[in-house]
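Residue numbers (our numbering), protein chains in the order written: chain D, 7 to 228; chain X, 7 to 228. Where is the CB? At the ideal position from N, CA and C, for every residue including glycine. Input: a single structure, listed below in structure tokens.
Protein chains: 2
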Amino acid sequence: MPASGNPPGRRERAKQDKRGRIMNAARELFAERGVSAVTTQQIADRADVAIGTLYLYASTKAELLIMVQNEKFAAAIDDGLQTASTVVGQGALKEVIAVVRPVVACLREQVENGRTYLHELVFGDPAEPNRREGLTIAGRLEDGIALLIARCASTDPADAVTLARVVIAVIHVSTTATIYLPSSDEDVLANISAQVQAMLAPRQLPPSHPSIPLNPQRKRIP
Amino acid sequence: MPASGNPPGRRERAKQDKRGRIMNAARELFAERGVSAVTTQQIADRADVAIGTLYLYASTKAELLIMVQNEKFAAAIDDGLQTASTVVGQGALKEVIAVVRPVVACLREQVENGRTYLHELVFGDPAEPNRREGLTIAGRLEDGIALLIARCASTDPADAVTLARVVIAVIHVSTTATIYLPSSDEDVLANISAQVQAMLAPRQLPPSHPSIPLNPQRKRIP
DNA sequence: ACTCAATTATGAGCACTCTCAATAATATTG
DNA sequence: CAATATTATTGAGAGTGCTCATAATTGAGT
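Structure below.
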């Protein structure tokens, strides 16, 4: 006969335990070898459950990765937002980079996991609970950046929100594209920085009469 | 005995024929059902080659998709750049959208193929020849946009190049993210337009003394 | 015509992710 | 404490993408 009346019964406790073992196994193996070098069977083995059971707790291998990365991602963002509040008054660019630095570090710590995570987040079904949470976390970052931009750059507040979305897109591509794989974190940050700087740069109204002609044709691949 | 001495011998002709059959089979099946609903075996069957032969001509299913999509993508970009040259003098935003419209249409014609293509392009190995070509094509778009921006918006020419890169990132995310799947092409274009507008908006130098406090914390997922 | 090395094609088979009918464990009821 | 109903676990197996030892084809040299 179970002890307590309301709180977790034996069954529920066993389930939470299994969930924990699975998460731990996934976290460890992904960190050790990278998502693509780990099989779901290996995760099941380390968690000491059957493969079928694994898929009862996560409907997909990608979902396992998302669960694991969501934690780190959220921590990195909170870290960045904290740090940013310590560098107020140094211009929007500096502040944005302060937020973004830990995020880039997190996403590139185990590069394959980070980029696969981001991909799955935007590419997969946003209705799925873990992806939903991941997107919410990313939303926190976007909102934080919007605030920074609204405060420091002289923009329409509505534009600040839109610009934040642009910054997110830049981060996404800069941390995801294979071309930047060999770069250091600082190089990636510099790349992002250059793009943010360009989009926040002071600009007057454009002239009415452009004169330089456009040449759309380029020779084919060399 | 073969007829001509130098130009394609029987062997080379047979190879080109096979290559053509494989490309056609892939193009048709991908267009009909979308890349994920087509098996490599089905492509091999329609091309009337063995599965092993298929993998002699394309080292990966993704590579097949890239070959097929590169053609459409290049056409869409050339179309856009052409059209853009007919709307000169209406401001950078209008021109950029003119370039981007056919690109978005192309990428969303068969949505799954378009987004998978873009993903494979940036995520896969850039050294692989077909991806290289795809990236070169994308580079043409980026360069074209840079020119437009340099001509119409009052920016440092160096900034124009950087801003073009940002625009590419925006296009990438806007055509790739699942959230925008249900949107119409025009909605996606409007979304892109808003972001480009915000980043090209006139802006003065920021004030030195910001006053609004930053609140990084947000409540967890509702 | 015949030989033979080099090139190209083949498909059985491997590794992997994910499913689902069968089974076991737990809760509920008489 | 059965007997029954509910819920959780299991692992053989289906379906894929891709590989690689083997076989067929080709063309240059005699």
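*Nearest to Pro-108 of chain X by CA position, among X:Ser-91, X:Ala-20, X:Phe-79, X:Leu-124, is which residue?*
Taking the second sequence and counting its residues from 1, one reaches residue 108 of chain X at position 102. Checked all of X:Ser-91, X:Ala-20, X:Phe-79, X:Leu-124; the closest Cα to Pro-108 of chain X is X:Phe-79.
*Would you report the Cα separation of Arg-146 of chain X and Ala-170 of chain D, rounded to the nearest angstrom?*
Reading the second sequence from its first residue, position 140 is the one you call residue 146 of chain X. Reading the first sequence from its first residue, position 164 is the one you call residue 170 of chain D. Whole-angstrom Cα-Cα distance: 26 Å.
*With a 10 Å radius around its C-beta and 16 neighbouring C-beta atoms as the bar for buried, classify Gly-15 of chain D as buried or exposed.*
What you label residue 15 of chain D is simply residue 9 of the first sequence in a count that begins at 1. Flag for Gly-15 of chain D reads exposed.
*What residues in the segment 81–114 of chain D bring their beta carbon closer than 8 Å to a beta carbon of chain X?*
Asp-84, Leu-87, Gln-88, Ala-90, Ser-91, Val-94, Gly-95, Gly-97, Ala-98
_So with CB distances below 8 Å, who are the chain X contacts of Gly-58 of chain D?_
Looking up residue 58 of chain D in the first sequence gives position 52. Here the premise fails: no neighbours, minimum Cβ distance about 24 Å.
_CB contact below 8 Å: Thr-182 of chain X versus chain D_ = For the purposes of this step, residue 182 of chain X is identified with residue 176 of the second sequence, where counting begins at 1. It does: the Cβ of Thr-182 of chain X has a partner Cβ on chain D nearer than 8 Å.
_For Leu-87 of chain X, the nearest candidate out of X:Gln-96, X:Ala-133, X:Gly-150, X:Gln-203 (CA to CA)_ = In the second sequence, residue 87 of chain X corresponds to position 81, counting from 1. Ranking the options by Cα distance to Leu-87 of chain X, first place goes to X:Gly-150.
*Fully enclosed by the segment 70–115 of chain X, which alpha helix (DSSP H) runs are 4 residues long or longer?*
98–115
*Scan the segment 26–59 of chain D for residues whose Cβ lies nearer than 7 Å to a Cβ of chain X and list them as they occur along the chain.*
none
_If distances are taken between C-alpha atoms only, which option among X:Ala-98, X:Leu-113, X:Ala-53 comes closest to Asp-23 of chain X?_
In the second sequence, the residue the question calls residue 23 of chain X occupies position 17. With distances taken between Cα atoms, Asp-23 of chain X lies closest to X:Ala-53.
*Hey, is the segment 29–41 of chain X in contact with the segment 104–119 of chain X, meaning 3+ C-beta pairs nearer than 8 Å?*
yes
*asked:* Taking its Cβ as the centre, do 16 or more other Cβ atoms sit within 10 Å of Gln-75 of chain X, making it buried, or is it exposed?
replied: In the second sequence, the residue the question calls residue 75 of chain X occupies position 69. With 16 or more other Cβ atoms from the protein chains shown falling within 10 Å of its own Cβ, Gln-75 of chain X counts as buried.
*Continuous alpha helix (DSSP H) assignments of at least 4 residues falling wholly in the segment 131–166 of chain X*: 135–158
*Report buried or exposed for Glu-126 of chain X, applying the criterion of at least 16 other Cβ atoms within 10 angstroms of its Cβ.*
Taking the second sequence and counting its residues from 1, one reaches residue 126 of chain X at position 120. Buried is the call here.
*Which term fits Asp-162 of chain D, buried or exposed, when burial requires 16 or more other beta carbons within 10 angstroms of its beta carbon?*
As a position in the first sequence, residue 162 of chain D is number 156, starting the count at 1. Classification for Asp-162 of chain D: exposed.
*Measuring only between beta-carbons, confirm whether Gly-120 of chain D sits less than 8 Å from chain X.*
The sequence position of residue 120 of chain D within the first sequence is 114, counting from 1. Not closer than 8 Å to any Cβ of chain X, the Cβ of Gly-120 of chain D fails to qualify, so no.
*Contact list for Val-179 of chain X against chain D, beta-carbon separation under 8 Å*: Here residue 179 of chain X refers to the residue found at position 173 when the second sequence is read from its first residue. By Cβ distance, chain D contributes Val-128, Ile-174, Ala-175, His-178, Val-179.
*Starting from Gln-201 of chain X, find everything on chain D with Cβ-Cβ shorter than 7 Å and list it in chain order.*
Taking the second sequence and counting its residues from 1, the one referred to as residue 201 of chain X is at position 195. Near Gln-201 of chain X (Cβ distances below 7 Å), the residues of chain D are Thr-168, Arg-171, Val-172.
*What is the C-beta distance between Leu-195 of chain D and Ile-103 of chain D, in whole angstroms, given that I count them as a contact (C-beta under 8 Å)?*
Walking along the first sequence from the start, residue 195 of chain D turns up at place 189. Walking along the first sequence from the start, residue 103 of chain D turns up at place 97. About 6 Å separates the two Cβ atoms, so the contact holds.
*Mind listing the chain X neighbours of Asp-250 of chain D? Cutoff is C-beta to C-beta under 8 Å, in chain order.*
The shown model of chain D, from 7 to 228, leaves out residue 250 of chain D, and the question about it has no answer.
_With distance defined between alpha-carbon atoms, name the residue in X:Ser-199, X:Leu-153, X:Thr-46, X:Leu-71 nearest to Met-113 of chain X._
Position 107 of the second sequence, counted from the start, is the residue given in the question as residue 113 of chain X. The amino acid at residue 113 of chain X is misidentified as Met; the sequence shows Leu. Checking every option, the nearest Cα to that of Leu-113 of chain X belongs to X:Leu-71.
*Could you tell me the distance, in whole angstroms, from the CA atom of Asp-190 of chain D to the CA atom of Ala-183 of chain D?*
Within the first sequence, residue 190 of chain D is the residue found at index 184, counting from 1. Within the first sequence, residue 183 of chain D is the residue found at index 177, counting from 1. Checking the sequence, you will find Ser at residue 190 of chain D rather than Asp. Rounded to the nearest angstrom, the two C-alpha atoms are 13 Å apart.
_Alpha carbons only, please: which of X:Ile-28, X:Leu-99, X:Pro-208 is nearest the one belonging to Leu-62 of chain X?_
Taking the first residue of the second sequence as 1, we reach residue 62 of chain X at position 56. Answer by Cα proximity: X:Ile-28.
*Residues of its chain near Arg-138 of chain X, where Cβ-Cβ distance is below 8 Å and the 5 sequence neighbours each way are ignored*: As a first step, residue 138 of chain X must be located in the second sequence, where it is residue number 132. Correct list, in chain order: Pro-132.
*Euclidean distance between Cα positions of Ile-57 of chain D and Asp-165 of chain X*: As a position in the first sequence, residue 57 of chain D is number 51, starting the count at 1. As a position in the second sequence, residue 165 of chain X is number 159, starting the count at 1. Those two C-alpha atoms are separated by around 53 Å.
*Quick one: what's Arg-209 of chain D bridged to in DSSP?*
Sequence index remark: in the first sequence, residue 209 of chain D carries index 203 (1-based). According to DSSP, which records beta bridges pairwise, Arg-209 of chain D is partnered with X:Arg-209.
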